[in-house]
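Numbered continuously in our numbering, the sequence shown closes out at residue 1062. Don't be surprised by glycine CBs; every beta carbon is placed ideally from N, CA and C. Presented below is the structure to which this report refers.
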Amino acid sequence: MSARAVRIGNCSGFYGDRLVAARELVEGADIDVLTGDYLAELTMLILAKAQAKDPDTGYAKTFLTQVEQVLTSCLDRGIRIVANAGGLNPSGLADAVRAVAQRQGRTVRVAYVEGDDLRDNLSAIVPPVSGKPVSANAYLGGWGIAAALEAGADVVVTGRVTDASLVVGPAAWWHGWGHEDWDALAGAVVAGHVIECGPQATGGNYPFAEEITDLRYPGSPIAEIAADGSSVITKPANTGGLVSPGTVTAQLLYEIAAPAYLGPDCTTHFDTIRLEPAGDDRVAITGVRGSAPPDTLKVALNDAGGYRNTMTLVLTGLDIEQKAARAEQMLFDVLGGRDRFDEVDVRLLRFDTSDAPTNEQATAHLRVTVKGPDARTVGRAFSNATMELAVGGYAGFHTTTPPTDASAFGIYRPAAVPRSAVTHTVVLADGRRQVVPDPPQATGREPGPAVPVPAGGVGTSVAPAGSTLQIPLGRVCGARSGDKGGNANIGVWSRTDAGHAWLRGYLTAERARELLGPEVAELPIEVYPLPNLRALNIVVHGILGAGVASSSRPDPQAKGLGEYLRSRVIEVPRTVLEG
């Protein structure tokens, strides 16, 4: 066990993130572990398609480019590298890393973690799986990573582990934690959640842009994790962006649901998190409580969904709605009806203004998406049909693109699997295989999960009396939104106690439904309080349908949903703004 904090820097938030981030962290910061997160639900589908074409692939190739840039420095300085870039083929990636080292004349100890890929044994998954998914992966924890590091690995690559496990594993190894050190493990989960998306924790995608005075590209985040699981979030010196309680709060609220955050290593209680400034670009995270994890593991399934195509027709000037209705009718008359397709999604996107000062500001878009099992029907047969409106349709007809072909899409399904049906295995650098034991699971005696806010609000705050102003909600709060399968979450927080006291009484599930508009009118919505963060978490179920790869929304990952909510004009008491 080491007495000092372990310094873990993350160089990747997704497959395709900034390649130079790894080198900047290694050269510009004093870190012990370099991590990279490459796997999202959509990424597994992308890697499955690549592996179907070439069985030797199925991993994130950009990771190898970063390894080529930093391996020598990491070996010389004792920096360990941990990444989930193995995707569907961690053993193949381990071999590829060894090949990089050989080309550079270095010897490297590479270990890999497997056992998450369930494609060859779907029988234990709940609900039962029909057909053969293109990917089926259980979310493993960090103990395989810890075992690999304990055995002396320089580089550890994994398949599907939770994003936070990339931090939990190294922290557990560094400090010698046990399986039941729930609070320490939960603290590492929180630190991992903060840094997993790279610069989203250091000012990237931050709604209060005026707080960021260094407008260079934000530096990559670093978590300094102490022996008790508390941490400090920071970034390399002389890099852009900002680390503040606000930027850390924004990332903490990203892609979560209930405050009892279920993971493979522990259950982390997000309503216990406390943040404090700890110096320039330094934020301390303390007070995190953990408890035993559930006796099941989350599973992500991706199925081949068929084919899709989208054409966007431009409508200009007067009578936009009439033109759109006429275009829709004519298009499907030409196509022979809607029933040729499994799914049809037609959206009139209004960007136009009356008496617009420019041509562009007078335009709206009619976005038509079709899906079906036949690539030819959904492909050029569909998109070519839109061109038949070119001289026989509405006045001013044109499209944003030429006719396009169909593209395959996937369907995401969340599921679960008993831990007993998964063999979490680490393959050490010398080839030895080691089964990773499960931690103790929840017994039912632990505190129950937090419940959503009742329809009438939290009930402990009273709306301030006095006059009000009509202003956007975003003048009172920040927001960060994202996808979780077919659901979306919007984390909303206030920078002041007065704003939070008003917000928790105002922003009920029904109010959120009203502000988010007709798209969510029939969807279940939950609101969870996170008072330590002056925050609420709104979960909108089903808004993304069968997941990102299938969603027909113009914003399929719900990245803009929070900013849309902030833009809604509401009545806010003046006393809230003064506070």
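Tell me which same chain residues have a C-beta within less than 7 Å of the C-beta of Ser-977, skipping the five on either side of it?
If you number the sequence shown from 1, residue 977 lands on position 494. Val-959, Cys-960, His-983, Leu-986, Arg-1017.
Alpha-carbon spacing of Leu-780 relative to Asn-620, whole angstroms
Within the sequence shown, residue 780 is the residue found at index 297, counting from 1. Within the sequence shown, residue 620 is the residue found at index 137, counting from 1. Roughly 10 Å separates the two Cα atoms.
With 16 other Cβ atoms within 10 Å as the buried cut-off, status of Pro-885
Along the sequence shown, one-based indexing puts residue 885 at 402. A residue is called buried when at least 16 other Cβ atoms come within 10 angstroms of its Cβ; Pro-885 does not meet this threshold and is exposed.
Proximal residues to Leu-832 (C-beta, below 8 Å), its chain only, five neighbours per side dropped
Numbered from 1 along the sequence shown, position 349 holds the residue referred to as residue 832. Cβ neighbours of Leu-832 beyond the five flanking positions: Ala-847, His-848, Leu-849, Arg-850, Pro-1037.
Please name the residue in Lys-532, Gly-496, Arg-563, Thr-555 whose C-alpha comes closest to that of Thr-545.
Your numbering for residue 545 matches position 62 in the sequence shown. The candidate whose alpha carbon is nearest that of Thr-545 is Gly-496.
Kindly list the residues whose CB is nearer than 6 Å to the CB of Trp-665, restricted to its own chain and excluding five residues on each side of it in sequence; keep chain order.
Here residue 665 corresponds to residue number 182 of the sequence shown, with the count starting at 1. Cβ neighbours of Trp-665 beyond the five flanking positions: Cys-749, Gly-773, Ser-774.
Quick check: the Cα distance between Val-766 and Asp-754, rounded to an integer number of angstroms?
Start at 1 with the first residue of the sequence shown, and residue 766 comes out as number 283. Start at 1 with the first residue of the sequence shown, and residue 754 comes out as number 271. Cα to Cα, Val-766 sits roughly 17 Å from Asp-754.
Going along the chain, which unbroken runs of the beta strand (DSSP E) with 3 or more residues stay wholly within the segment 968-1009?
Listed in chain order, they are 970-977.
With DSSP as the reference, label Phe-497 as helix, strand or coil.
Working through the sequence shown from its first residue, we reach residue 497 at position 14. In the three-state DSSP reduction, Phe-497 falls in the coil class, being neither helix nor strand.
Return yes when the Cβ of Thr-908 is within less than 8 Å of the Cβ of Pro-918, no when it is not.
Within the sequence shown, the letter at position 435 stands for residue 918. Within the sequence shown, the letter at position 425 stands for residue 908. One detail in the question is off: residue 918 reads as Val in this sequence, not Pro. Yes; because the gap between Cβ atoms is below 8 Å, this pair is in contact.
Can you list, in chain order, the residues of its chain whose CB lies under 6 Å from that of Pro-1007, leaving out five sequence neighbours each side?
Counting from 1 along the sequence shown, the entry for residue 1007 is found at position 524. Once the five neighbours on either side are set aside, the close Cβ partners of Pro-1007 are His-1024.
If you run the structure through DSSP and keep just helix, strand and coil, what is Pro-920?
Against the sequence shown, residue 920 aligns to sequence position 437. Coil.
Using only the alpha-carbon positions, how far apart do Ile-491 and Ala-706 sit?
Position 8 of the sequence shown, counted from the start, is the residue given in the question as residue 491. Position 223 of the sequence shown, counted from the start, is the residue given in the question as residue 706. For Ile-491 and Ala-706, the distance between alpha carbons rounds to 5 Å.
If you check the beta carbons only, do Val-1059 and Leu-1019 fall under 8 Å apart?
Taking the sequence shown and counting its residues from 1, one reaches residue 1059 at position 576. Taking the sequence shown and counting its residues from 1, one reaches residue 1019 at position 536. No, the pair does not count as a contact, with Cβ atoms beyond the cut-off.
Which one of Val-731, Gly-661, Asn-572, Val-509 has the shortest CA to CA distance from Asp-764?
Residue 764 sits at position 281 when you count from the first residue of the sequence shown. Ranking the options by Cα distance to Asp-764, first place goes to Val-731.
Given 8 Å as the limit, is there contact between the segment 632-641 and the segment 566-575, that is, 3 or more CB pairs closer than that?
yes
Alpha carbon to alpha carbon, how far is Phe-880 from Thr-685? Give it in angstroms, no decimals.
Locating residue 685 in the sequence shown gives position 202, counting from the first residue. Locating residue 880 in the sequence shown gives position 397, counting from the first residue. Answer to the nearest angstrom: the Cα atoms are 45 Å apart.
Check the DSSP bridge columns for Leu-517 and list the partner residues they point to.
By 1-based counting over the sequence shown, the position of residue 517 is 34. In the DSSP output, where bridge partners are listed per residue, Leu-517 has Gly-492, Ile-564.
For Lys-854, the residue or residues it bridges with in DSSP:
Counting from one through the sequence shown, the residue named residue 854 turns up at place 371. In the DSSP output, where bridge partners are listed per residue, Lys-854 has Arg-791, Glu-826.
Which residue spans inside the segment 689-742 form an unbroken beta strand (DSSP E) run of at least 3?
705-708, 714-717
Proximity below 8 Å, CB of Ser-703 to CB of Leu-508
For the purposes of this step, residue 703 is taken as residue 220 along the sequence shown, with counting starting at 1. For the purposes of this step, residue 508 is taken as residue 25 along the sequence shown, with counting starting at 1. The answer is yes: Cβ separation under 8 Å.
Tell me which residues share the same chain as Val-715 and place their Cβ nearer than 6 Å to its Cβ, disregarding the 5 neighbours each side in the sequence.
As a position in the sequence shown, residue 715 is number 232, starting the count at 1. Its chain contains Glu-707, Ala-761, Arg-765, Ala-767 as the residues whose beta carbon lies nearer than 6 Å to that of Val-715, once the 5 sequence neighbours on both sides are disregarded; these appear in chain order.
Within-8 Å CB hit, Asn-493 to chain D:
Here there is only one protein chain, and chain D is not present.
Near Arg-963, which residues of its chain fall below 6 Å by C-beta distance, leaving aside the five closest residues on each side in sequence?
Position 480 of the sequence shown holds residue 963. If we look at Arg-963 and ignore the five residues flanking it on each side, its Cβ neighbours are Ala-733, Leu-736, Tyr-737, Gly-974, Gly-1045.
Using only the alpha-carbon positions, how far apart do Gly-746 and Val-583 sit?
Numbered from 1 along the sequence shown, position 263 holds the residue referred to as residue 746. Numbered from 1 along the sequence shown, position 100 holds the residue referred to as residue 583. Gly-746 and Val-583: Cα-Cα distance of roughly 33 Å.
Enclosing alpha helix (DSSP H) for His-752 [first to last residue]
Counted from its first residue, the sequence shown places residue 752 at position 269. Premise fails: His-752 lies in the beta strand (DSSP E), 750-752, not in any alpha helix (DSSP H).
Is there contact between the segment 600-608 and the segment 624-638, where contact requires at least three CB pairs shorter than 8 Å?
no
Take Glu-1054 as the anchor and find which of Thr-769, Ile-954, Gly-820 has the nearest alpha-carbon.
Taking the sequence shown and counting its residues from 1, one reaches residue 1054 at position 571. Measuring from the Cα of Glu-1054, the nearest candidate turns out to be Ile-954.
Coil, strand or helix - Tyr-1011 by DSSP
Walking along the sequence shown from the start, residue 1011 turns up at place 528. In the structure shown, Tyr-1011 sits in a strand (DSSP, three-state: E or B).
Which two residues bound the contiguous beta strand (DSSP E) that contains Leu-1019?
Walking along the sequence shown from the start, residue 1019 turns up at place 536. 1018-1023 is the span of the beta strand (DSSP E), which, as asked, contains Leu-1019.
DSSP three-state call for Ser-950: helix, strand or coil?
Indexing the sequence shown from 1 puts residue 950 at position 467. It is coil, neither helix nor strand.
Can you list, in chain order, the residues of its chain with a C-beta nearer than 6 Å to that of Tyr-498? Leave out the 5 residues immediately preceding and following it.
Indexing the sequence shown from 1 puts residue 498 at position 15. Contacts found: Tyr-521, Thr-526, Ala-543.
Let me know the alpha helix (DSSP H) ranges lying completely inside the segment 637-698, each 4 residues or longer, listed in chain order.
Fully enclosed alpha helix (DSSP H) runs of no fewer than 4 residues occupy 648-658, 665-678 of the segment 637-698, in order along the chain.
On the CB-based measure, 16 or more other CB atoms within 10 Å of its CB, does Arg-996 come out buried or exposed?
Position 513 of the sequence shown holds residue 996. With 16 or more Cβ atoms within 10 Å of its Cβ, Arg-996 is classed as buried.
Rank Phe-691, Thr-799, Val-673, Asp-835 by C-alpha distance to the C-alpha of Ile-756 and give the top, closest one.
If you number the sequence shown from 1, residue 756 lands on position 273. Closest option to Ile-756, judged by alpha-carbon separation, among Phe-691, Thr-799, Val-673, Asp-835: Val-673.
Give the secondary structure of Lys-1042 by DSSP, where H, G and I count as helix, E and B as strand, and everything else as coil.
For the purposes of this step, residue 1042 is identified with residue 559 of the sequence shown, where counting begins at 1. Note: Lys-1042 maps to coil in three-state DSSP.
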